Structure formats: structure tokens, C-alpha cells
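2 protein chains.
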Amino acid sequence: MAWSGRLPCFLSCLFIYTLSPCDSHPHWTLPVRPSNDTARKVSDVATEVAAYADVAKQIIELAVFGAAQNRSYRRLADFTDTIGNRVSGSANLEMAIKYMYSALTQNGLDVHLEPVKIPHWVRGKESAEMIVPRVKNLALLGLGSSVGTPPEGIKAEVLVVRSFDELKQRASEARGSRVVFNQPFVSYGETVAYRAFGASEAAKVGAVATLIRSITPFSINSPHTGWQDYQDGVKRIPTACITVEDAEMMWRMSQRGQKIVVRVTMGAKTLPDADSFNVVAEIPGWQYPEQVVLLSGHLDSWDVGQGAMDDGGGAMISWEVLSLIKDLGLRPRRTLRTVLWTAEEQGGVGAQQYYDLHKVNISNFDLVMESDVGTFRPVALQFTGNDAARKVMEEVVKLLAPINTTKLETHAEGTDISPWMQAGVPGASLHVADSRYFWFHHSEGDSMSVQDPQDMNLCSALWAVVSYVVADLQDMLPR
Amino acid sequence: MAWSGRLPCFLSCLFIYTLSPCDSHPHWTLPVRPSNDTARKVSDVATEVAAYADVAKQIIELAVFGAAQNRSYRRLADFTDTIGNRVSGSANLEMAIKYMYSALTQNGLDVHLEPVKIPHWVRGKESAEMIVPRVKNLALLGLGSSVGTPPEGIKAEVLVVRSFDELKQRASEARGSRVVFNQPFVSYGETVAYRAFGASEAAKVGAVATLIRSITPFSINSPHTGWQDYQDGVKRIPTACITVEDAEMMWRMSQRGQKIVVRVTMGAKTLPDADSFNVVAEIPGWQYPEQVVLLSGHLDSWDVGQGAMDDGGGAMISWEVLSLIKDLGLRPRRTLRTVLWTAEEQGGVGAQQYYDLHKVNISNFDLVMESDVGTFRPVALQFTGNDAARKVMEEVVKLLAPINTTKLETHAEGTDISPWMQAGVPGASLHVADSRYFWFHHSEGDSMSVQDPQDMNLCSALWAVVSYVVADLQDMLPR
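Quick mapping for you: the protein sequence lines, in order, are chains A and B. Numbered continuously in my numbering, the first sequence closes out at residue 540. Numbered continuously in my numbering, the second sequence closes out at residue 540.
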């Protein structure tokens, strides 16, 4: 996941590259379905949903104990080991899209690519060194969209602050300095403001550069990157994240009254927007193929680690749903569409263009789902929708009793699905036991080693039961 | 702490540099002490120890709640922020010794340095890159005593194994390869054998180099270094630790039948042994100044991180004991001697030379104590001694009831105190809540950020009560 700030402003050049026809899948058989009333009471819906108990068990059996066991994990391992990380604009992201196009096609699914334009920021070479009071290398990661430094770097005395308020109070000390933000981690949603806006806030009081404590509650000297946002009309100064350890060390030094001087060299630059694609694979609905339950994760990652957790896992379970449904010979009433977004990390860039293109058909979007906070042990389904829709979903999650994840929470999350939810389409996201998510997030630690195959089986089962049943109900979710 | 393998063989050139006279400390007052029987029963000892309850409370009050609160933490922060890490043979270690000599002297203690010769291995520049099946930078840390590579590095195909047994079974595949050990972490004591002996075991079957999965149960792409031991008569090949993540990735690749090629460049070399010192500070005993309770930690560290946990914390609480006793105007019957060892990480090199020099007085060593597994929240005192001595110590730890650490465990640990314990001197070590110790151990993550001031207060209080009371009892511990 990226951050939930404002969207970048380079949404342009939108066109359809290829749209595969909806194949008929004549070999797929239809499951038993409840009767076909149109005006129905809550009790009717409960009865209708409860009739899916056997199908739900079949899906869970296949995903968790059957032939599909550990498949999403193996796919994720193969994908991330083969490609590595996949930042917006990179050759790796292009390779990843080709890889997935090929893999989904080989899986017998309807696949097409929808072209979009995405940001192309490159990190270049970067290094940081404390020179005074002693020489120490500082691990750092420049922030997405940051400008670089001159080739010789920027050497400046450091002003360490713990908050934006403290920066304002000490504005007179900031001129010509490098502001180091040593803000404590409160929550990602709150603390990420320092990464996103720290550079512009520091530039407003005359700083020449910033270093920001990584947005994480735990560190093994691990810097975390992420997108940042220059404010219009404010000088653009280089900005990077350093480790919790180094930020705290400089804070202690400053509290002792010690002078601190740091040199940072960053080769970062922004190139012209690049061509990319959202990857779309689907099982067309047998009755209402134009109506869609959309499942998604994003294929891009940051340019560190393997991007297994953020968001390879979300992408793989969204593919796994189609494989499971296909393996069981099922085909829902409506289309089950998996979309693997591009350039989420830059603010949901691919997804915004998808929305702009497809919003004309918004009335056909039944439910939009995204998994982008990890595929650890599933805890609940998060849901955004009106009361009537929630009543339906409360019945649907009861089908997850065999894997003990029958909890329905409020407010789905997901940068990529938020435009749809804001426009009134019901949305769902996966809530997992994510206590360590931000330890690895946007760092070299985002690797296959944090993933667990059994957790991914459970996520896949949940994801598949919910999406299949909603896609197969007689009526779309109320909105 | 280092590893508990065989000792290196460069113990030589031993002499006393300076020995301060035992000052009389006329301003220190004597606490109330129990009566002076010589032949005593267990109940007498219990009564004698119980009479220290008030003194113990004073020590605890001062260390945990009083003016000394957080002092050992602040000292550790100042020390490690100022010096950084301090590997055997480095200028930083020399600086650290000077810093501590000066700080202890300013604290009004009797301080002297005892010269020793220590290993001087230097890391040099090092890098590793997977070239096939794709290009990926591999984080690594060369292992202490490893030879380097030619300047252009060593490029070799990789054989990944999970154990020494598997290496033997696949010996025919090892010739000319780089063996990657991807052994699972079982416990430090068991798994460290791969770091210590992996290179020689691989060389025996014809490997040209090794990469070993870091000895840790948890990783954020963090390589861990440490000492390793070439076997006599076996070819010395370059050896380094890589991250858990990369070892697991190469294992997965090898399981898929993929060819893996890695290039490693290491500038490591061993220079002639260097001059160094054990730092000794003491409060001379008022009655038996020749009899000693020895408190210790090691001042050296690895050349990564800050060496705050391993073992700056142990060194600082061993200093803190003398400060607390002095602040309270106490002076025990026997000498309280704090020794800050040098070159522990190379196998207790400084401590071995201290033992060789002072073992002639072994009958005067009452108790040897070392803290070298972190100064997190104290859980128990670990003790090695005969039954009679244990009975005394069982009474002593009861004095720690105010901080709820009255547990006495068997088997003290500590590379530096083990020669004394093997020779029959009672030993004690600190058992702390160390579940994360090996996450940071010998890595860039060993920093002040893992330390907690209140935990250090508790460790200091425990350390002080135990050492002071034992030093002040009428009789030395039975042995």
C-alpha cells in the first residue's frame, strides 16, 4: 500500500489496448442455486446465501487442504524470485506485467492489458554520511518524487526536530540547515505525514534538505522508502528516509548540544511518464457478463526488497480466486474480474485511470475488492456499503465459519478501489493479522520470508468465497 | 557475546601496565553488618544475608527511583554515540578504552589498564551480487578471520545445502562451487556451528568460497557477522554471512532446478596482533582488599552497529555498580573490581590473558560475574558453584524481592569468566528477557534503540546488590 494523501497530477493518455471477448467456457458446469425471486426480504437473502454453504466448503477445502494448497504462495515465490521488485516506470515492472499476462493466459483465463501512463522516478546512486561529531555511514532511501542533489552532494548542519510544531517553533534555526525529523511512530496513517510533507514543510522555513525517520514501529537499521508530495509553489529540496536508529542517535546528540553535520548525495530524478498496463483477467458471468465483481491487488512495488508483501500477495490471491473457481468448474452469474493495478505506490495511478475509463459503467460494478495490507492470517472482511448491502454481506461471511473468519468490519480500505467506493460502489478489503506489516513495508525486508503458505491459503479461501457468492447472487448488492 | 567454540591461539606478550594503589576512601562509611562468627550454619548465613535487606533497598532505591535513575543508560548512549562500534584492533577500540579510563577516573574510582595483545582482522570493502538467474545485490558481512578474495572477486556457481549432512551427501557437487548454507535457526548455541565451521567443512569437499545464512531467528534483510574458525590443514576460503531472505531465496531457486551464480568480493585481511588493554576499576575492600568480587562486560564489539547491546550494556552496568556503592558511601569487606574486557568477540582473548596473569591468585577470587547477553529486563541470576555456595546465593537473591528478580538459575554463562569457572571459582551471569537478542546480535541493528533505561536500572540494581553483598559477607563463597 502507498499513502492515502492527494493523488499525483499526471493522469493522462488513456486508451484501451486490447479487450478479449468473453469466452463461453462451455466445459464449466453450473452449481445449484437458490430460487429466482426478485423482490426479497432479508430472510430471503439469508436463505439464498445459506444455500452456498456447500459451495463455500468446496472452495475452502480446495484452497486450504486440497490440490490448490500453497499454490498462491508458490506462485508468489516464483513471481518475486524471478522478477524481484517492480517500481513504477522500471523494466522490472514491464517484465512483471508480461510475466503475469503469460501466467494468467496459461491458466486458461480471459486476459487483457489496459494501457496507462505512470510516473517514472529513478533513485540513482545515493549515500549519506554523518561527518560531525564523528564519521558514520547512514543507511538511507530517497523518497519517491524527490529531486536529487548536486553530484558532490549537500553538506549541511543538522536541525533535529520531533514534530511539525517544533519545526515551526525553531524556524529561525532551520535556514540553510538539513532538517532531520525524528517523529515518534504513532500509526502509519498519522505518522506518514512526515514522509509525505516533511520536505515542503522544511523548505518553507529555509531548509536545504531533509532526512526523515522511517515510518515504522520497529527497525533493524532498515530505511523505508515511499512516495512524497511537494507542495506547489514551495522550493523542492532533496528528501530521504533514514533509520529509526540514526534519527534517534542524532536526536540524542542534538539534546547534548552537539553540532551535527551530514552530507547526502542523491542521484534521484523524474523522467517523462512511462507506458504501463493494468492487467485484467476474468471469468465472464453466465447470466450478466456486463456486471462485475472486481478483485484486485497491485503488481508494482517499491524498488527495494521483493515486493512480496506489498502487494505481490494481494495480486496472487486475487489470481488464485479465478483459479479456484475454474478448478471447481464453477461459473458465477456475474463476471469475476481480477485487476492487477500498476503504479499504486505513486498514489493509485493505474487504478485512477481505470476508474476514469470505466466509470461510465459504474452501475454494473457490483462490488470492488482489494487486498493491499498483506496476506497474513485473515482476521475479517472489511466492508463499505449501505445498511442493506451490509446485511447481505453479514450473511456471506457466515459461509467462512469453516476457517473461522466470519467477522465483518466497517470501512474497506484500498487506494486503488477508493474512487469506486467514493462514488457509492460497495467495497471490500482483507483485514489480516498485520502487527508486523509496517516493519517490512517499503523496505528491503519486504520479501518472501515474511509470507506463510497456510496464511495465504486462508486468505485465498476467504477472498474466493466472498467474491464468488456475491457474483452469483440473484441481485447486485444494494447501494 | 561471541561464540563458545575453541579459543584462538595468539595469547602472548603479557605484562602489567599500571596498577593503582588501593586508596583508603576515608570519606566512605561502613554499613551495619551482622556478627563475626567463623564456623557457621546455613541458618547463620541466612541471618547474615537477611541483615542486608535495608542496604539492598537503598541500592535499589538509588538505582531505580533515585538520583542514579537512567544513569547507566545515559552513559551507554554517550559512550556508543561518541565512539560507535569497537572491533578488536581498531582505532575505535583504542578510543573506547581511553574514554572509559577517563570516565572511570573522573568518577573517583581506582582505575588501571592491563595490556594484552589482540587479533587485528580488518573487513575491507566487500560486496556480493547474484548474477544468474537474475542480477540482485546481496547484503553480506564477511566473518571475522576470513581471508579475502582476489580484487576482482570470486565468481562461482552456487550449491545450496541445508545442513552439514546434506553437504556430505552432495560432496561431488561442491567441487569448485560456492556453498551456500541455508540452515534453519534452531538456537544460537547449535546453529552458530555453521558460521564457525562452515568454511572449513565446505573447503574439505572442494568449495572455493562459502556464504552462510545469518545466525538469527528474525531478519529485516540484515546480515550478521561474527568470528569463524579455520581448521588446521584445511584450505582457507573466503566466508561471509548473507541475509536469511537471500539464503531462502537461493534455496527456493535451487529447488526449482535453477542455476545460480554469485560473485563476491572481500577485502578482508588479518594484520599482526595489536596492543590493547583490559580496563580495571575498583573499590578496594576495607578488610580483605586482596580478595575480589569481579564484575564484568566487554568493551569491544563487532564493526557494525553501535555495540550497545553486545556488550556496551554489560560494561555500563558493571561500572554502575561501583558508582552506586560509592554514591551510598558503602565500602565492602572485599574488593569490588569491574573489568571491561577487550577482544571478547575473538574468543575471550583479553579475558584469557587476564586469567593467565592472575590465576596465581585464584584463591582470592570470590565470585566472577559477567553480563554479556544484553541488559534487557532482568529475569534471574544465573549461578555456577557448589551446593554450599548456591545456598548462600539463594539467600542473596531474596534481597532482590523489591524488584521481583529473586530467581536463581543454574549455570552462569560468559566467554570471559569461563576460565575462572572451569577452575572452580563460583560464577554469576545475568539472565534477561532476551527474546530479541539474536535479532540484533552482531548486526547493524545493535544500537541504542534496543536499550531501555528502566531495564538497565533494574539490571544495575540486581548487579549491585549481588556483588556488594557477596563482597561484604564475612566469608568467601564456599568452593
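Cβ coordinates follow ideal geometry from the N, Cα and C atoms, glycine included. Treat the numbers as computed from the prediction; the structure is a model and nothing was measured.
Task: Interface flag, A/PHE437 vs chain B, CB-CB below 8 Å - done: Not an interface residue.
Task: For A/MET517, the nearest candidate out of A/THR471, A/VAL382, A/VAL531 (CA to CA) - done: The option with the nearest alpha carbon to A/MET517 is A/VAL382.
Task: Contact check, A/ILE192 vs A/ARG324, beta carbons under 8 Å - done: Cβ distance < 8 Å, so A/ILE192 and A/ARG324 count as in contact.
TODO: Out of B/ALA152, B/MET161, B/VAL125, state which residue places its alpha-carbon closest to the alpha-carbon of B/ARG136.
DONE: Of B/ALA152, B/MET161, B/VAL125, the residue nearest in Cα terms is B/MET161.
Task: Collapsed DSSP secondary structure at B/LYS118 in the structure displayed - done: Helix at B/LYS118.
Open item on the list: Taking a contact to mean a Cβ-Cβ separation below 8 Å, would you say B/LEU397 touches B/ILE344 in this structure?
Closed with: A contact, by the Cβ cut-off of 8 Å.
Task: Helix, strand or coil at A/GLN515 according to DSSP, with G and I counted as helix - done: Here A/GLN515 sits in helix by DSSP.
- [ ] From the DSSP output, in three-state form, read off A/HIS419 for me.
- [x] Reduced to three states, the DSSP call for A/HIS419 is helix.
Task: Element boundaries [beta strand (DSSP E), containing B/ALA342] - done: Note, B/ALA342: beta strand (DSSP E), 330-344.
Open item on the list: Here's the rule I'm using: 16 or more other beta-carbon atoms within 10 Å means buried, otherwise exposed. How should A/LEU389 be labelled?
Closed with: With 16 or more other Cβ atoms within 10 Å, it is buried.
Task: For B/ALA270, the first and last residue of its enclosing beta strand (DSSP E) - done: Where B/ALA270 is concerned, the enclosing beta strand (DSSP E) stretches over 270-274.
Open item on the list: Can you look up A/ASN198 in the DSSP assignment and give me helix, strand or coil?
Closed with: Residue state for A/ASN198 is assigned as strand, using DSSP reduced to three classes.
Open item on the list: By DSSP's criteria, B/LEU174 is part of a beta bridge. Which residues make up the other side?
Closed with: Its beta-bridge partners are B/VAL340.
Task: Residue environment, A/ARG297, which counts as buried when at least 16 other CB atoms sit within 10 Å - done: A/ARG297 should be labelled exposed.
- [ ] Could you tell me the distance, in whole angstroms, from the CA atom of B/GLY294 to the CA atom of B/SER206?
- [x] A straight line joining the alpha-carbon of B/GLY294 with that of B/SER206 spans about 16 Å.
Open item on the list: Just verifying my parser: in three-state terms, what is the DSSP assignment at B/LEU385?
Closed with: Helix at B/LEU385.
Open item on the list: Below 7 Å on C-beta distance, what does A/VAL305 contact in chain B?
Closed with: By Cβ distance, chain B contributes SER510.
- [ ] Closer than 8 Å by beta-carbon distance: list the chain B residues that pair up with A/LYS197, in chain order.
- [x] Those are GLY145, listed as they occur along chain B.
Open item on the list: For B/PRO92, which residues in the same chain have their Cβ closer than 7 Å to its Cβ, ignoring the five residues on either side in sequence?
Closed with: Since pLDDT at B/PRO92 reaches only 46, below the 50 mark, its modelled position is unreliable, and the value read off the structure follows with that caveat. Answer for B/PRO92: VAL116, LEU391, listed in chain order.
Open item on the list: Determine, for A/ASP142, whether the minimum Cβ-Cβ distance to residues of chain B falls below 8 Å.
Closed with: Yes, A/ASP142 counts as interfacial toward chain B.
Open item on the list: Which of the three DSSP states is assigned to B/PHE437 in this structure?
Closed with: In this structure, B/PHE437 counts as coil in the three-state DSSP scheme.
TODO: Pair every Cβ in the stretch 459-477 of chain A with every Cβ in the stretch 110-128 of chain A, then say whether three or more of these pairs are closer than 8 Å.
DONE: Output reads yes: the stretch 110-128 of chain A touches the stretch 459-477 of chain A.
Open item on the list: Whole angstroms are fine: how far does the CA of B/SER528 sit from the CA of B/GLN535?
Closed with: Cα to Cα, the separation comes out at about 14 Å.
- [ ] Note down, in chain order, every chain A residue with its Cβ under 7 Å from the Cβ of B/PHE501.
- [x] Within 7 Å Cβ-Cβ: ILE281.
Task: Top-ranked residue by Cα proximity to B/VAL125, from B/ARG540, B/LEU523, B/MET454 - done: Checking every option, the nearest Cα to that of B/VAL125 belongs to B/LEU523.
Task: chain E contact residues for B/SER504, given Cβ-Cβ distances below 8 Å - done: In summary, chain E is missing from the structure at hand, where the protein chains are A and B.
TODO: Report the option in A/LEU201, A/THR326, A/GLY358 whose CA atom is closest to the CA atom of A/ILE215.
DONE: Ranking the options by Cα distance to A/ILE215, first place goes to A/THR326.
TODO: Taking only beta-carbon positions, decide if B/ARG313 is within less than 8 Å of chain A.
DONE: Yes, its Cβ sits closer than 8 Å to a Cβ of chain A.
TODO: Can you tell me which of B/SER280, B/VAL429, B/VAL219, B/SER149 puts its alpha carbon nearest to the alpha carbon of B/GLN352?
DONE: Checked all of B/SER280, B/VAL429, B/VAL219, B/SER149; the closest Cα to B/GLN352 is B/VAL429.
Task: Rounded distance between the beta-carbons of B/ASN339 and B/VAL247, thought under 8 Å - done: At roughly 34 Å, the Cβ-Cβ gap does not stay under 8 Å, so B/VAL247 and B/ASN339 are not in contact.
Task: Sub-8 Å separation of A/ALA532 and A/GLY346 beta-carbons - done: Against a cut-off of 8 Å, the Cβ pair of A/GLY346 and A/ALA532 comes out as a contact.
Open item on the list: Which of the three DSSP states is assigned to B/GLN483 in this structure?
Closed with: B/GLN483: helix per DSSP, three-state reduction.
Task: Collapsed DSSP secondary structure at A/ILE158 in the structure displayed - done: In the three-state reduction of the DSSP assignment, A/ILE158 falls in the helix class.
TODO: Give me the Cα-Cα distance between B/SER261 and A/SER280, rounded to the nearest whole angstrom.
DONE: About 34 Å.
Task: Nearest-angstrom Cα separation, counted from A/MET377 out to A/LYS387 - done: In a straight line, the C-alpha of A/LYS387 is about 15 Å away from that of A/MET377.
Open item on the list: Please report the straight-line C-alpha distance between B/PRO487 and A/ALA369, rounded to a whole angstrom.
Closed with: Each residue's Cα considered, the two are about 51 Å apart.
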